[in-house]
Amino acid sequence: MYNILPAVIGLGYVGLPMFLRLNKKFRTIGFDIDFNRVQTLKNKLDINLEFKKSDLFLKNNSLITNKKNSLKQCNFYIITVPTPIYRDNKPDLRPLNSACEIISKNINDNDIIFIESTVYPGLTEILKKKFFKKKKIWMGYSPERINPGDRKHTLKNITKIVSFESCPKEIKKKILFIYKKISKNIIISNSIQNAEMSKVIENIQRDINIAFMNEILMVCEKLNLNFQEVIKLAKTKWNFLNFSPGLVGGHCLPVDPFYLYDVAQRKGHEAKFMLAGRRVNNELEFFLQNKIIKKIKKNKIKKLLICGISYKANVADARNSLGLNILKSLRKTNIDVEAFDPILNKNSQKKHNIKSKIRNLSKYDLIVVLVKHDIFLKIFKKNKLRNPKKYFDLFDTLS
Ligand SMILES: NC(=O)c1ccc[n+]([C@@H]2O[C@H](COP(=O)([O-])OP(=O)(O)OC[C@H]3O[C@@H](n4cnc5c(N)ncnc54)[C@H](O)[C@@H]3O)[C@@H](O)[C@H]2O)c1
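With positions in the sequence shown counted from 1, the corresponding number in the numbering used here is that position plus 1093.
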């Protein structure tokens, strides 16, 4: 119908599902600067374990590449590169700048660019002025809501916000043509900044709500109260929010609050609340570490197994994993510690010496589960492991 050749820039947790979805409908170019990522995908392997080999067969003459000149014929760019922070918590815009720079060398008048990386309000506009001022191109922002490890809330099923500046009818038609192929439910906003803001606050809200539960968990411990019972009672109120304590990691929650904080500060507002979750959630690492050490001392543990090192259940990603920090600290003690995570990506397993398979669970004096992958239940059941002296699921037994 339209002569559209989309390109997805950055084929990670967000970009790969986007590329695969588009590739089902059109010829699509998947571009990533990481040679290894491109090669493994070409060999039908997603090291993030979000997709099986059979999902990675390309259709419609699509292409996965790290060659910039393959973008020459594209006319609809979707940017899904990382948005990390520097050590001082300031936004690190280098991947976004580099993606825009690459596109700017290939772009033509009337091409369309959408940013899907999480940004602070105003950044799409700033990037447009910085990289594309010489061209008459159209820019939009569509926040990404996919949730790695979650097979229910997929790109196809979730409600997707699509925001763009005022543009000619033909351009609007092209944008909707593409996005309606990506998600079944589209919400249009004519304010890019509102859409940018809506994404970043979704994640900050979650960070803060988990932090509140983490704080209550720590207070219950001090007051010698049964946290599980307290929450069970509180939940009988109709409007008590259903959040659970947990180790918060990954590429989004530990990072996004700093993006909004930074822009608010530069505009003269010193935010007082949005970073509160960060401090509390990071504290949980030390709280849990101390619990494990206490348990080790009390039970004279010699051989310990830590299970679940990725940043959350059923994902392969170890970015900002507090569980990994706990493991590293325990390895500095004189306890014999091993780690097991069959879901974690192969590179992290190798880098941090984490087992992907385990034969004999009975040789450990204590098994601690930091992140509850579904597969652990099966493995423990098979090994008839439900002896509480041996098996220590931090979140079940914290009381
Ligand atoms: N992971 C999530 O659950 C999730 C959910 C919603 C939104 N987001 C947001 O989406 C964005 C991407 O996150 P992700 O988890 O997919 O990151 P990722 O690290 O998994 O993937 C990003 C990919 O981009 C590539 N890349 C970096 N710079 C590039 C460039 N200049 N040109 C081409 N490719 C480049 C990297 O090699 C990598 O493969 C971030 O802004 C993140 O906050 C992530």
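We treat Cβ as the ideally placed atom computed from N, Cα and C, and that holds for glycine.
Keep in mind that this is a model prediction, so the values were computed, not measured.
Cβ-heavy atom distance, residue i to ligand 1, below 8 angstroms
i: residue 1350; result: no
i: residue 1246; result: no
i: residue 1260; result: no
i: residue 1167; result: no
i: residue 1185; result: no
i: residue 1217; result: no
i: residue 1195; result: yes
i: residue 1505; result: The first residue shown for the chain is 1094 and the last is 1492, placing residue 1505 beyond what the model contains.
i: residue 1270; result: no
i: residue 1139; result: no
i: residue 1106; result: yes
i: residue 1130; result: yes
i: residue 1237; result: yes
i: residue 1347; result: no
i: residue 1055; result: A query on residue 1055 cannot be resolved here, the shown segment of the chain reaching from 1094 to 1492 and no further.
i: residue 1209; result: yes
i: residue 1214; result: no
i: residue 1103; result: yes
i: residue 1240; result: yes
i: residue 1127; result: yes
i: residue 1255; result: no
i: residue 1410; result: yes
i: residue 1192; result: yes
i: residue 1361; result: no
i: residue 1225; result: no
Residue range of the beta strand (DSSP E) that includes residue i
i: residue 1402; result: Note, residue 1402: premise wrong, no beta strand (DSSP E); not H, not E.
i: residue 1158; result: 1156 to 1158
i: residue 1430; result: 1429 to 1433
i: residue 1170; result: 1169 to 1172
i: residue 1207; result: 1205 to 1208
i: residue 1278; result: 1278 to 1282
Residue span of the alpha helix (DSSP H) that contains residue i, given as start and end
i: residue 1234; result: It is not in any alpha helix (DSSP H) - residue 1234 instead sits in the beta strand (DSSP E) that spans 1231 to 1234.
i: residue 1253; result: Segment 1252 to 1257 is the beta strand (DSSP E) holding residue 1253; no alpha helix (DSSP H) there.
i: residue 1124; result: Residue 1124 -> not in any alpha helix (DSSP H); beta strand (DSSP E) instead, spanning 1122 to 1124.
i: residue 1440; result: 1439 to 1444
i: residue 1459; result: Where residue 1459 is concerned, there is no enclosing alpha helix (DSSP H), although the beta strand (DSSP E) it sits in stretches over 1459 to 1462.
i: residue 1099; result: Per DSSP, residue 1099 belongs to no alpha helix (DSSP H); it is in the beta strand (DSSP E), 1099 to 1102.
Outcome for residue i when other beta-carbon atoms lying within 10 angstroms are tallied against a minimum of 16
i: residue 1176; result: buried
i: residue 1235; result: buried
i: residue 1064; result: A query on residue 1064 cannot be resolved here, the shown segment of the chain reaching from 1094 to 1492 and no further.
i: residue 1338; result: buried
i: residue 1106; result: buried
i: residue 1414; result: buried
i: residue 1256; result: buried
i: residue 1104; result: buried
i: residue 1432; result: buried
i: residue 1267; result: buried
i: residue 1358; result: exposed
i: residue 1194; result: exposed
i: residue 1219; result: exposed
i: residue 1326; result: exposed
i: residue 1244; result: exposed
i: residue 1544; result: No answer is possible for residue 1544: it lies beyond the span of the chain, which begins at 1094 and ends at 1492.
i: residue 1374; result: buried
i: residue 1095; result: exposed
Rounded separation between residue i and residue j - CA only
i: residue 1440; j: residue 1179; result: 23 angstroms
i: residue 1428; j: residue 1318; result: 30 angstroms
i: residue 1435; j: residue 1200; result: 43 angstroms
i: residue 1492; j: residue 1320; result: In this prediction, residue 1492 has a pLDDT of 31, which is less than 50 and means its spatial position is unreliable; what the coordinates show is noted afterwards. One C-alpha to the other measures close to 5 angstroms.
i: residue 1271; j: residue 1307; result: 41 angstroms
i: residue 1225; j: residue 1212; result: 18 angstroms
i: residue 1475; j: residue 1280; result: 46 angstroms
i: residue 1231; j: residue 1204; result: 6 angstroms
i: residue 1187; j: residue 1237; result: 19 angstroms
i: residue 1254; j: residue 1451; result: 43 angstroms
i: residue 1196; j: residue 1167; result: 9 angstroms
i: residue 1397; j: residue 1410; result: 23 angstroms
i: residue 1153; j: residue 1420; result: 45 angstroms
i: residue 1346; j: residue 1297; result: 7 angstroms
i: residue 1273; j: residue 1311; result: 45 angstroms
i: residue 1490; j: residue 1314; result: Residue confidence is low: residue 1490 scores 47 on pLDDT, short of 50, so the model does not pin down where it sits. Its coordinate-derived value is still stated next. If you take the alpha carbons of residue 1490 and residue 1314, they lie about 12 angstroms apart.
i: residue 1442; j: residue 1202; result: 46 angstroms
i: residue 1354; j: residue 1172; result: 23 angstroms
i: residue 1100; j: residue 1459; result: 49 angstroms
i: residue 1137; j: residue 1400; result: 28 angstroms
i: residue 1156; j: residue 1305; result: 45 angstroms
i: residue 1111; j: residue 1247; result: 10 angstroms
inquiry  = If contact is defined by three or more beta carbon pairs under 8 angstroms, each pair taking one atom from either stretch, is the region 1367 to 1375 in contact with the region 1296 to 1303?
reply    = Counting Cβ pairs under 8 angstroms, three or more are found: they touch.
key: Segment contact flag, the region 1353 to 1364 with the region 1378 to 1386, C-beta cutoff 8 angstroms, min 3 pairs   = No, they do not touch.
inquiry  = For the pair the region 1342 to 1355 and the region 1404 to 1420, tell me if three or more CB-CB distances fall below 8 angstroms.
reply    = Three or more Cβ pairs drawn from the region 1342 to 1355 and the region 1404 to 1420 lie within less than 8 angstroms of each other, which places the two stretches in contact.
Cβ contact check for the region 1106 to 1125 and the region 1145 to 1162: 3 or more pairs under 8 angstroms = Yes, they touch.
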